[in-house]
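According to the numbering used here, the sequence shown is numbered sequentially starting from 11. Virtual Cβ for every residue (Gly too), placed ideally from N, Cα, C.
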Amino acid sequence: MEGDKRIFWRAGRLALLAGAAVMLTACQAIAELEPGANAEIDPNSPAAAIVAKAARDPGPWPTFADIPEIPEDVRTSQAWRDAVQDQEAEGLYTARTAAPDTWSLTATEAFVADQKAKVAEVNVHAPTAAEIAESEAYARSLRARATPPPPPR
């Protein structure tokens, strides 16, 4: 570039001056925009004296030393990360197991054989004629003993 280098210095100084002016006016604007900075104090309020004193003398600004220590019973960021990853893994597992087409009708013969073996262990069978007659006789004896409810009044 063959131009005069002084123009860049002049422009830089002008930009620096403009930036400083913006910063100073921004600080003033923030103080004016503070909510309740110019609000009137109700003299009938029981806290009027305390509010007026706090408005006149707001007290010391907090320092970094005022920040409390981290409690001992709070999870670390790694523990939070692990808990979130566990939760996401559970969600994926649930979505996969509840998804359509997660099962098929294969190996039905093995399933039938397994269920028949379980039924054989319990010794379930269709009732014989003697068992049916015994059940019917028991039902007849219960009906004979039963008394009808009293008539409504």
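Taking a C-beta distance under 8 Å as the contact criterion, A62 and I51 qualify as a contact pair.
For R106, the enclosing alpha helix (DSSP H) covers residues 87-108. Judged by DSSP in its simplified three-state form, T138 adopts coil rather than helix or strand. Pairing A139 with A105, the inter-Cα distance amounts to about 52 Å.
Put simply, the backbone Cα of E82 is about 15 Å away from that of Q88. Secondary structure of S55 (DSSP, three-state): coil.
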